[in-house]
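Below: the structure, in structure tokens.
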Amino acid sequence: MKHAAGTLLFIARFVVLGLALAFVVGLFWPGSSARLRSRFGLAPATVAPTGHTQVSAGSGDSGPASYADAVAAAEPSVVNIYANKIVTEQALRMYDNPVLQQLFGGQPTTYQHREQTLGSGVIVSAHGQDYVLTNNHVIANADNIQVLLYDGRIAKASLVGSDQETDLAVLKIDASNLPAIRVADPKQLRAGDVVLAIGNPFGLNQTVTMGIVSAIGRQLSSSSAEDFIQTDAAINLGNSGGALINTRGQLIGINTMLIGKGQAANAEGIGFAIPVATAQKVLDQLITTGHVVRGWIGADYTFVPVAANSGLPAAARGVMVTTVYPGGPAAQAGLKPRDILLRIGDNDILDPAELRRHEAALKPGSQVEVSGLRSGNPFHVEITLVQRPPMSSDDGAAGGSAGVSGE
Numbered sequence: 002m003k004h005a006a007g008t009l010l011f012i013a014r015f016v017v018l019g020l021a022l023a024f025v026v027g028l029f030w031p032g033s034s035a036r037l038r039s040r041f042g043l044a045p046a047t048v049a050p051t052g053h054t055q056v057s058a059g060s061g062d063s064g065p066a067s068y069a070d071a072v073a074a075a076e077p078s079v080v081n082i083y084a085n086k087i088v089t090e091q092a093l094r095m096y097d098n099p100v101l102q103q104l105f106g107g108q109p110t111t112y113q114h115r116e117q118t119l120g121s122g123v124i125v126s127a128h129g130q131d132y133v134l135t136n137n138h139v140i141a142n143a144d145n146i147q148v149l150l151y152d153g154r155i156a157k158a159s160l161v162g163s164d165q166e167t168d169l170a171v172l173k174i175d176a177s178n179l180p181a182i183r184v185a186d187p188k189q190l191r192a193g194d195v196v197l198a199i200g201n202p203f204g205l206n207q208t209v210t211m212g213i214v215s216a217i218g219r220q221l222s223s224s225s226a227e228d229f230i231q232t233d234a235a236i237n238l239g240n241s242g243g244a245l246i247n248t249r250g251q252l253i254g255i256n257t258m259l260i261g262k263g264q265a266a267n268a269e270g271i272g273f274a275i276p277v278a279t280a281q282k283v284l285d286q287l288i289t290t291g292h293v294v295r296g297w298i299g300a301d302y303t304f305v306p307v308a309a310n311s312g313l314p315a316a317a318r319g320v321m322v323t324t325v326y327p328g329g330p331a332a333q334a335g336l337k338p339r340d341i342l343l344r345i346g347d348n349d350i351l352d353p354a355e356l357r358r359h360e361a362a363l364k365p366g367s368q369v370e371v372s373g374l375r376s377g378n379p380f381h382v383e384i385t386l387v388q389r390p391p392m393s394s395d396d397g398a399a400g401g402s403a404g405v406s407g408e
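The numbering used here numbers the first residue of the sequence shown as 2 and each following residue consecutively.
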């Protein structure tokens, strides 16, 4: 018994001595405890506003308190664009004589005035040079394009090429030491990720808004091969062509459009951006050839209507041909309306958007096998693709989709 009491007294003395030593170390070297926790892989203790001590969660459990580092990394690569163009409008020129005014009202005429479009752009690096990516609708028909850089420099820009379908344009500016933005891995993007939009809304210059990725692969037109990132980060007039970045300051998309309240009643927090993977493909083609080349099978198609007599399982995928253009590749291969297409080359066809993407990615002149069902019977045909003809703005160009406007 006496031996046990002695042991406990010995332990108590060392505990008291350890606490006293810890107090002295904490008093004279206050940062040492945090360094020790960090060295042993323990979460650092933080003091809450109420004065209570709490342990901060790991990086996977909560977001940072500030996104200033991400903004600082990306903001120098975002520019303001001022596109000037001369607009011709119809008008009535009134007669000087009151009697002639009363008899004829006025004489039809036209007048011209200069109009300026505000937008944004992103400096990107490609083919060993720096370019500016922006939206086509920002610079369309402009005869003079000025770019305001982050450091205050103003440079004149020339158009390298544009693509109406994706609403993208590439500019070359007369300036040096341009800070190209870092590009994110497109495969890492997920719905729910925090994103930041940087641009020039309403001419207010560099402005940052925050939101999340609401959806990816959003299809806005059945006749277009392109898809969009949907986000609730505020995108306003002037944000067009600006950067959508992740929390590491890397580019994930080019802000391009929003659904306006006048077009979709009470719509808020619904904006769209062109995925960086799409932007890079268009950028490469515009630099190389000045235009974008897409394959075309010469047919229109829609979702498969599943019915009892369709010969398809209940969860059927694929597309149903609605129109075969005379003289086109599909017509020459023998495709007919109401054919069900299930496979193109080595790829299964999931829906119209999937087929549009595969079709557009193939080079004109290439041959591909298309498999499907006709009246419930399997068939296979070889189709030689041609270059897809230009699409009108009503056929699915970004900004021309129903209920959606470029800003």
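Just so it is clear, CB atoms sit at the ideal spot from N, CA and C, and this is done for glycine as well.
{"Query": "Return the chain-ordered list of same chain residues with a C-beta closer than 6 Å to the C-beta of residue 72, the five sequence neighbours on each side being excluded.", "Result": "209"}
{"Query": "For residue 385, collect the residues of the same chain with a Cβ closer than 6 Å to its Cβ; drop the 5 residues on either side in sequence, then sort them by chain order.", "Result": "330 and 368"}
{"Query": "Near residue 163, which residues of its chain fall below 8 Å by C-beta distance, leaving aside the five closest residues on each side in sequence?", "Result": "137, 140, 141, 169, 170, 171 and 287"}
{"Query": "Go to residue 70, then tell me how far its beta strand (DSSP E) extends in each direction, as first and last residue.", "Result": "Where residue 70 is concerned, there is no enclosing beta strand (DSSP E), although the alpha helix (DSSP H) it sits in stretches over 69 to 75."}
{"Query": "What would DSSP say about residue 44, mapped onto helix, strand or coil?", "Result": "Any reading at residue 44 needs caution, since the residue's pLDDT is 49, under 50, leaving its predicted position unreliable; the model's value is listed next. In the structure shown, residue 44 sits in coil (DSSP, three-state: anything other than H, G, I, E or B)."}
{"Query": "Taking 8 Å as the cut-off, does the stretch 242 to 254 touch the stretch 178 to 197 (at least 3 CB pairs, one atom from each stretch)?", "Result": "yes"}
{"Query": "Which residue wins for smallest C-alpha separation from residue 271, given the options 232, 285 and 256?", "Result": "232"}
{"Query": "Look at residue 205 and residue 124 and say whether their C-beta atoms are less than 9 Å apart.", "Result": "no"}
{"Query": "I'd like the span of the alpha helix (DSSP H) that includes residue 157, first residue to last.", "Result": "Element bounds for residue 157: not the alpha helix (DSSP H) but the beta strand (DSSP E), 155 to 164."}
{"Query": "For residue 216, which residues of its own chain have a beta-carbon under 7 Å away from its beta-carbon, when the five flanking residues on both sides are left out?", "Result": "192 and 231"}
{"Query": "Give me the Cα-Cα distance between residue 372 and residue 289, rounded to the nearest whole angstrom.", "Result": "34 Å"}
{"Query": "Check whether the Cβ atoms of residue 130 and residue 188 lie closer than 9 Å to each other.", "Result": "no"}
{"Query": "Applying the criterion that 16 or more other CB atoms from any shown protein chain within 10 Å of the CB defines a buried residue, is residue 391 buried or exposed?", "Result": "exposed"}
{"Query": "Near residue 375, which residues of its chain fall below 6 Å by C-beta distance, leaving aside the five closest residues on each side in sequence?", "Result": "340"}
{"Query": "Can you give the beta carbon distance from residue 319 to residue 342, rounded, assuming they're within the 8 Å contact cut?", "Result": "6 Å"}
{"Query": "For residue 298 and residue 280, what's the separation of their Cα atoms in angstroms?", "Result": "24 Å"}
{"Query": "Would you mind listing the beta strand (DSSP E) stretches within the stretch 186 to 211 that are 3+ residues and don't spill past its ends, in chain order?", "Result": "195 to 200"}
{"Query": "By DSSP's criteria, residue 413 is part of a beta bridge. Which residues make up the other side?", "Result": "Outside the displayed range of the chain (2 to 408) lies residue 413, so it cannot be described from this structure."}
{"Query": "According to the neighbour-count rule (16 or more other Cβ atoms, all chains shown, within 10 Å of its Cβ), is residue 294 buried or exposed?", "Result": "exposed"}
{"Query": "Can you grab the Cα-Cα spacing for the pair residue 240 / residue 151, in whole Å?", "Result": "15 Å"}
{"Query": "What is the DSSP secondary structure of residue 248, counted as helix, strand or coil?", "Result": "coil"}
{"Query": "Helix, strand or coil for residue 176 per DSSP?", "Result": "coil"}
{"Query": "Going by C-alpha distance, which of 69, 166, 235 and 177 is nearest residue 156?", "Result": "177"}
{"Query": "What is the DSSP secondary structure of residue 232, counted as helix, strand or coil?", "Result": "strand"}
{"Query": "The beta strand (DSSP E) spanning residue 145 covers which residue range?", "Result": "145 to 149"}
{"Query": "Would you please state the rounded distance, in angstroms, between the beta carbons of residue 86 and residue 175? I believe it to be under 8 Å.", "Result": "Wrong, their Cβ atoms sit about 20 Å apart, outside the cutoff."}
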